[in-house]
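Asker: Count the sequence shown with mature numbering (1 follows the signal peptide of the UniProt record, and there is no 0) and you get residues -31 to -1, 1 to 451, in order.
Ideal Cβ placement from N, Cα and C applies to all residues, glycine included.
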Amino acid sequence: MSLSRLRPGRLAGALAAVLASAAFVAAPAAADPTSTPSPGSEEPADAAGSVSWSVQPSTASGPDGRNAFIYELEPGGTVSDVVRVNNFSDTPQTFRVYSQDAINTPEGSFSLLEGSETPVDVGLWAAVSHDTVEVPANGHVDLPFTLTVPANATPGDHAGGIVASLTDVVTEENDNQVLVENRVGTRIYLRVGGDLAPSVRIQAVSASLDNGWIPFTGGDMTVSYELENTGNVRVTGSQLVDVEGPLGVGLKSVHPEDLPELLPGQKYTVTVEADGVQRLGRVTARLTVDPSSLNVPEGSPEPPSVTGVASAWAIPWPELVVLLVVVVLLWLLRRRSRLRRRKAADAIAAAEARGRAAAAAEAAGLQAPRVVAVVTGGLLALLALFGLGGGLTATATERPPGPGEMDVTVTVPSTTPTGDDTGSDSGDSGDDDGGAGGDEDGTGEHPPTGADIAGWVGIGGLLLVFGTLMVRSMRGTDEAPA
C-alpha cells in the first residue's frame, strides 16, 4: 500500500471536493488461479498505522485460494463473482469499494488509475453491489459483483481491479489539511474471445556512458528504451544488449532480467546497465527484445523479436592521460640516455685530444735529442776527418835562464809546414844543448808521426761509433711500444 496526497486548500468544504488516490497494491500477474497468494491480501495499514485491511477473491462459501480474478468471456458475456474485504483493526471501518482500469507505471509495475479518473475498460464493465461497506472490527464482508463484457469489446486481454479504500484527513506542519486515500485491491484479468495478435515495438532508444577516471576498467553504459505493447495480449520477454566498438568489435554483452508484464496498449521505459565497457571511441548498443505472450493457448502466435540501436562516445580520457605520462617518461629517459652518450663521447674525444697532444709533445721531445745526436755524430765525424787530414806540430823553445825548464806548444796546423824562415835566429843550435826536434833550418817543428795519426783516427772512430749508437738508441726508444 502507498499513499497519494491532494491539497484542497484551507476552505471548510474542500474535504468533500477532492479525493486523491494512492498507488494500487495488488497481487503479481498470474497466469492461473493457483499462483502464490497476493501480498495485498495480508495486513495493509493506513497512513497512521492504526488500521489494516485487505481485499481478495472469494466465493459464497469463502475464499478459494485465488489471488486474482481471471476470466475468459466472449463479447456480450457476463460473469458474477464475490470479493471479500477484511478488516484487521480493532475498530469497525467504513471502506469505499469500486472497480478501476489497470495501467503500467513508467517503470513497468502493475497499477490502477486514480480513483478520481473515469474508467473505460474493465473498471467500467465491473459493477460492485455496494459503493461503501462497513466492516466490523477483526471481521470481513463479502460483496458480490458482476462483470459484463460489451458486445463491441475488442478481442484480447483487458485488465483492471477492485479496490477498497480508506480516506483520512491529515494535518501537515504548515496547518494544511490533506486528504489521504489509502487503497488496497485485487486484480482482474479478462480475455475477450477473438483473434490474438501479440506485438511489441521499441522506440526512443538512447545510450549514455559514464567514462569514469580509473584507467583500463572501462566505463558504465546505460541503455534506455521505451517498450510498447502494440498487440492485444499481455506480454513479457527477455532482453539482450550487445555493446560494440569501432569496426564491430564486441565489447560487452548484458542479459538483464526478464521484462515485467506489459498490458495491451501500455508502455514503459526500460533501463539496462552495462558495466566495464572499454573506451574505444564511438560505441554502439544493439538491443534485442524477445517478447512472449502470457497465458495463451498452445499454438498461438508469438510476437516477433524487436531490435533497437543507440550509440554513445566512450572517450578514453584516463588511458590518454596514462599514455601521455608514459610518452613523457620515455622522452625523459631517452633524453637522459642521449645526454649520457653525448657526455661519454665528449669525454672520449677530450681523452683522445689529450692523447694526441701528449703524443705530439712526446714526439717533439724525442726528435730534439735525435737531432742533437745526429749533429753531434756529424761534428765528431768531421773532427775525426780533420784529425786524419792534418798532423800535430810540436815546437820546443828553450827559454834562457830557467834551468831545467822547457816550453812546449802543440798546435794543429792548417797547412803543411815549411822551414824557410822560422829558424833564422836559432838555427845554429843544433848541438847537444840545442832544442830537440828542430830541422836543419832550426824551425823546431815536428811532422806528424804514425802514432799521432793512428791516435786521431782511433779517437774519430770512437766518436763516430758513439754517435751511431746514440742515434740507434734514440730510434729504438721512439719505436718501442708505449
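Taking the alpha helix (DSSP H) that Val91 falls in, what are its first and last residues?
Answerer: Your numbering for residue 91 matches position 122 in the sequence shown. First-last of the alpha helix (DSSP H) with Val91: 91 to 94.
Asker: Measuring CA to CA, which of Val52, Leu178, Val147 is closest to Val252?
Answerer: Numbered from 1 along the sequence shown, position 283 holds the residue referred to as residue 252. Cα-wise, what sits closest to Val252 is Leu178.
Asker: Write down the C-beta distance between Gly52 and Thr155 rounded to the nearest angstrom, noting that I regard them as a contact closer than 8 Å.
Answerer: The count along the sequence shown starts at 1 and reaches residue 52 at position 83. The count along the sequence shown starts at 1 and reaches residue 155 at position 186. Before going on, a small fix: residue 52 reads as Val here, not Gly. Contact flag correct, Cβ pair sits at about 7 Å.
Asker: Could you tell me whether the stretch 164 to 181 touches the stretch 24 to 44, using the rule of 3 or more Cβ pairs below 8 Å?
Answerer: no
Asker: Could you give the distance in angstroms between the alpha-carbon of Ser23 and the alpha-carbon of Phe114?
Answerer: Within the sequence shown, residue 23 is the residue found at index 54, counting from 1. Within the sequence shown, residue 114 is the residue found at index 145, counting from 1. Ser23 and Phe114: Cα-Cα distance of roughly 17 Å.
Asker: Rounded to the nearest angstrom, how far is the Cβ of Leu289 from that of Gln247, given a contact under 8 Å?
Answerer: Locating residue 289 in the sequence shown gives position 320, counting from the first residue. Locating residue 247 in the sequence shown gives position 278, counting from the first residue. Gln247 and Leu289 do not touch by the CB rule: their CB atoms are close to 14 Å apart, not below 8 Å.
Asker: Using 7 Å as the threshold, is the C-beta distance between Ser175 and Ala279 below it?
Answerer: Here residue 175 corresponds to residue number 206 of the sequence shown, with the count starting at 1. Here residue 279 corresponds to residue number 310 of the sequence shown, with the count starting at 1. Against a cut-off of 7 Å, the Cβ pair of Ala279 and Ser175 comes out as a contact.
Asker: Would you report the Cα separation of Leu438 and Ile317, rounded to the nearest angstrom?
Answerer: Here the question's residue 438 lines up with position 469 in the sequence shown. Here the question's residue 317 lines up with position 348 in the sequence shown. If you take the alpha carbons of Leu438 and Ile317, they lie about 40 Å apart.
Asker: Note the first and the last residue of the continuous beta strand (DSSP E) segment covering Asp244.
Answerer: Within the sequence shown, the letter at position 275 stands for residue 244. Here the beta strand (DSSP E) through Asp244 covers 236 to 246.
Asker: Is the beta carbon of Thr205 sitting closer than 7 Å to the one on Asp227?
Answerer: Locating residue 205 in the sequence shown gives position 236, where the first residue counts as 1. Locating residue 227 in the sequence shown gives position 258, where the first residue counts as 1. At the C-beta level, Thr205 and Asp227 come within 7 Å of one another.
Asker: So which of Ser21, Val91, Pro260 has the shortest CA-CA distance to residue 496?
Answerer: No answer is possible for residue 496: the residues shown for the chain start at -31 and end at 451.
Asker: Return the residue from the list Val295, Asp144, Thr74, Pro26 that minimises the CA-CA distance to Glu230.
Answerer: Taking the first residue of the sequence shown as position 1, residue 230 is located at position 261. Ranking Val295, Asp144, Thr74, Pro26 by Cα distance to Glu230 puts Thr74 first.
Asker: By the 10 Å Cβ neighbour count, where 16 or more other Cβ atoms means buried, how is Glu409 classified, buried or exposed?
Answerer: Looking up residue 409 in the sequence shown gives position 440. Low per-residue confidence applies at Glu409: pLDDT is 46, beneath 50, and the placement is therefore not dependable, though the value from the model is reported in the following sentence. Classification of Glu409: exposed, given that the 10 Å Cβ count is below 16.
Asker: Using 10 angstroms around the beta-carbon of Gly407, count the other beta-carbons present and answer buried if the total reaches 16, otherwise exposed.
Answerer: Along the sequence shown, one-based indexing puts residue 407 at 438. For Gly407, the pLDDT reaches just 46, beneath the cut-off of 50, and the residue's location in the model is therefore unreliable, although a value from the coordinates is still provided. Taking all protein chains in view, the Cβ of Gly407 is crowded by 16 or more other Cβ atoms within 10 Å, so the residue is classified as buried.
Asker: Let me check one thing: in DSSP terms, what residues is Trp22 bridge-paired to?
Answerer: Here residue 22 refers to the residue found at position 53 when the sequence shown is read from its first residue. Asn56.
Asker: How many whole angstroms separate the CB atoms of His127 and Val104, which I take to be in contact at a CB cut-off of 8 Å?
Answerer: The residue you call residue 127 lines up with position 158 of the sequence shown. The residue you call residue 104 lines up with position 135 of the sequence shown. Rounded, the Cβ-Cβ distance is 29 Å, inconsistent with contact.
Asker: Closest by CA to Gly188, which one among Pro287, Val296, Leu431, Asn55?
Answerer: Mapped onto the sequence shown, residue 188 falls at position 219. The residue with the shortest Cα to Cα distance from Gly188 is Pro287.
Asker: Mind checking whether Gly108 and Asn145 have CB atoms under 7 Å apart?
Answerer: In the sequence shown, the residue the question calls residue 108 occupies position 139. In the sequence shown, the residue the question calls residue 145 occupies position 176. No; because the gap between Cβ atoms is not below 7 Å, this pair is not in contact.
Asker: Could you round the C-beta distance between Ala71 and Leu196 to whole angstroms and report it? I think they count as a contact, below 8 Å.
Answerer: Position 102 of the sequence shown holds residue 71. Position 227 of the sequence shown holds residue 196. About 17 Å; that fails the 8 Å criterion.
Asker: In angstroms, rounded to a whole number, what distance separates the CA positions of Phe64 and Ala133?
Answerer: Mapped onto the sequence shown, residue 64 falls at position 95. Mapped onto the sequence shown, residue 133 falls at position 164. One C-alpha to the other measures close to 6 Å.
Asker: Can you tell me where the beta strand (DSSP E) with Arg65 in it begins and where it stops?
Answerer: Start at 1 with the first residue of the sequence shown, and residue 65 comes out as number 96. It spans 62 to 73 - the beta strand (DSSP E) in which Arg65 sits, taken as one unbroken run.
Asker: Between which residues of its own chain and Ser4 is the CB-CB distance below 6 Å, once the five residues before and five after are set aside?
Answerer: Taking the first residue of the sequence shown as position 1, residue 4 is located at position 35. Low confidence applies to Ser4: its pLDDT is 30, below 50, so where it sits in the model is not reliable, and the reading given next is rough at best. Closer than 6 Å at Cβ, skipping near neighbours: Asn36.
Asker: Which of the three DSSP states is assigned to Phe185 in this structure?
Answerer: Here residue 185 is taken as the residue at index 216 of the sequence shown, counted from 1. It is coil, neither helix nor strand.
Asker: How many angstroms separate the CA atom of Val241 from the CA atom of Ser222?
Answerer: For the purposes of this step, residue 241 is taken as the residue at position 272 of the sequence shown. For the purposes of this step, residue 222 is taken as the residue at position 253 of the sequence shown. Between the C-alpha atoms of Val241 and Ser222 there is a straight-line separation of about 11 Å.
Asker: Cα-Cα, which of Val275, Val218, Pro119 is closest to Leu42?
Answerer: Walking along the sequence shown from the start, residue 42 turns up at place 73. For the options Val275, Val218, Pro119, the alpha carbon positioned closest to that of Leu42 is the one of Pro119.
Asker: Compare the Cα-Cα distances from Gly214 to each of Leu249, Ile183, Ser193 and report the closest residue.
Answerer: Counting from one through the sequence shown, the residue named residue 214 turns up at place 245. The shortest C-alpha separation from Gly214 is found at Leu249.
Asker: Report all residues from its chain with a CB closer than 7 Å to the CB of Trp182; omit the five preceding and five following residues, and keep chain order.
Answerer: The sequence position of residue 182 within the sequence shown is 213, counting from 1. Excluding residues within five positions, the ones whose Cβ falls inside 7 Å are Pro287.
Asker: Write down the C-beta distance between Tyr237 and Gly77 rounded to the nearest angstrom, noting that I regard them as a contact closer than 8 Å.
Answerer: Position 268 of the sequence shown holds residue 237. Position 108 of the sequence shown holds residue 77. Right, the Cβ-Cβ distance comes to about 4 Å (below 8 Å), so this counts as a contact.
Asker: Given this structure, state the Cα-to-Cα distance separating Gln62 from Ser80, to the nearest angstrom.
Answerer: Position 93 of the sequence shown holds residue 62. Position 111 of the sequence shown holds residue 80. Cα to Cα, the separation comes out at about 24 Å.
Asker: Looking at the structure shown, is Asp111 part of a helix, part of a strand, or coil, going by DSSP?
Answerer: Sequence index remark: in the sequence shown, residue 111 carries index 142 (1-based). In the structure shown, Asp111 sits in a strand (DSSP, three-state: E or B).
Asker: Might you give, ordered along the chain, the residues of its own chain that have their beta carbon closer than 7 Å to the beta carbon of Glu271, omitting 5 neighbours on each side?
Answerer: Numbered from its first residue, the sequence shown carries residue 271 at position 302. Excluding sequence neighbours, Glu271 sits near Pro167, Ser261, Ser262.
Asker: Helix or strand or just coil, what does DSSP make of residue 452?
Answerer: Here the chain covers residues -31 to 451 and nothing more, so residue 452 does not appear.
Asker: Mind reading off the beta-carbon distance from Val102 to Ser58? Whole number of angstroms is fine, and I expect it under 8 Å.
Answerer: For the purposes of this step, residue 102 is taken as residue 133 along the sequence shown, with counting starting at 1. For the purposes of this step, residue 58 is taken as residue 89 along the sequence shown, with counting starting at 1. With 8 Å as the limit, Val102 and Ser58 do not qualify as a contact, their Cβ atoms being about 15 Å apart.
Asker: Using a 10 Å radius around the Cβ and a threshold of 16 neighbouring Cβ atoms, would you call Ser393 buried or exposed?
Answerer: The count along the sequence shown starts at 1 and reaches residue 393 at position 424. For Ser393, the pLDDT reaches just 44, beneath the cut-off of 50, and the residue's location in the model is therefore unreliable, although a value from the coordinates is still provided. Exposed, by the Cβ-count rule.
Asker: Which residue wins for smallest C-alpha separation from Tyr194, given the options Asn180, Ala254, Glu150?
Answerer: Residue numbering aside, residue 194 sits at position 225 when the sequence shown is read from its first letter. Closest option to Tyr194, Cα to Cα, is Ala254.
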